[in-house]
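Only one structure is covered here, and it is reproduced in the block below.
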Amino acid sequence: MSGPGSSPLDAVFAALSDPTRRAILTMLLEDDMAVTDVAEPFRMSLAAISKHLQILAEAGLISQEKRGRVKWCKLEPQGMTGAITWIESFGQLDPMDFDAFERFLEVELSETEVTALTGDDATDDPNAEETETTGTEEATAKA
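If you're matching positions, the sequence shown starts at 49 in our numbering and goes up one per residue.
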């Protein structure tokens with residue numbers, strides 16, 4: 049996956065670009081897993097899973113070690129540090145303040161409820177009279 053001249057950052061993003069590899073990383077969030085356990089939920093050969101694991105290991109996102117006769121995989125979260133730093137350097141992806149967003153929604157929703165109860169929005173709609181007039185004209189025409 050990592051060719052000559054490619055950076056560790058390229059390797060991380062290339063590894064993360066595949067949905068199978070992202071699913072494997074998610075599974076490893078829980079605990080270390082044997083390769084056979086990692087392969088179990090996927091409809092692919094053990095050799096194909098091993099290739100995915102190799103790409104993740106080369107990117108520094110997982111480590112593998114042999115314990116007895118079983119090969120184990122472990123998540124290495126610090127392997128994403130470079131990618132996270134790179135993404136955060138853009139500065140536009142600040143964490144969202146969900147409390148402020150919730151307060152905003154409460155205000156907006158309460159204003160919508162008041163408007164719905166009072167019917168104030170009908171006077172703001174320039175087409176409202178036109179619609180009422182058209183409805184009256186249609187009723188008169190049918191009579």
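Backbone N, C-alpha and C define an ideal beta-carbon position, used for all residues, glycine too.
Please read all numbers here as calculations on a predicted model, not as lab measurements.
Separation of Phe61 from Ser54, as counted between CA atoms: One-based indexing of the sequence shown puts residue 54 at position 6. One-based indexing of the sequence shown puts residue 61 at position 13. In a straight line, the C-alpha of Ser54 is about 11 Å away from that of Phe61.
Mind checking Val86: buried by the 16 CB within 10 Å criterion, or exposed? Position 38 of the sequence shown, counting from 1, holds the residue named residue 86. The residue in question, Val86, is buried, as its Cβ has 16 or more Cβ neighbours within 10 Å.
Output the distance between the C-alpha atoms of Ala170 and Phe146, rounded to the nearest integer angstrom. Here residue 170 is taken as the residue at index 122 of the sequence shown, counted from 1. Here residue 146 is taken as the residue at index 98 of the sequence shown, counted from 1. Residue placement at Ala170 cannot be trusted, given a pLDDT of 49 that sits under 50; what the coordinates show is reported in the next sentence. Take the alpha-carbon of Ala170 and the one of Phe146: they are about 33 Å apart.
Could you name the residues of the same chain whose beta carbon sits closer than 6 Å to that of Val83, not counting the 5 residues immediately before and after it, in chain order? As a first step, residue 83 must be located in the sequence shown, where it is residue number 35. For Val83, where only same-chain residues beyond five positions count, the Cβ hits under 6 Å are Lys119.
Between Glu124 and Leu153, what straight-line distance do the alpha-carbon atoms span, to the nearest angstrom? As a first step, residue 124 must be located in the sequence shown, where it is residue number 76. As a first step, residue 153 must be located in the sequence shown, where it is residue number 105. C-alpha separation (whole angstroms): 38 Å.
To the nearest whole angstrom, what separates the beta carbons of Leu109 and Met81, a pair I think is in contact under 8 Å? Counting from 1 along the sequence shown, the entry for residue 109 is found at position 61. Counting from 1 along the sequence shown, the entry for residue 81 is found at position 33. 14 Å between Cβ atoms; not a contact.
Does DSSP put Ala107 in a helix, in a strand, or in coil? As a first step, residue 107 must be located in the sequence shown, where it is residue number 59. Three-state result, Ala107: coil.
Output the distance between the C-alpha atoms of Thr133 and Lys99, rounded to the nearest integer angstrom. One-based indexing of the sequence shown puts residue 133 at position 85. One-based indexing of the sequence shown puts residue 99 at position 51. Their Cα atoms are separated by approximately 27 Å.
Residue ranges of each alpha helix (DSSP H) within the region 66-122, 4 or longer: 67-78, 83-87, 94-106
6 Å Cβ shell around Ala69 - same chain, five flanking residues per side excluded: Reading the sequence shown from its first residue, position 21 is the one you call residue 69. Ala is not the amino acid found at residue 69; the sequence shown has Arg there. Ala63, His100, Leu104.
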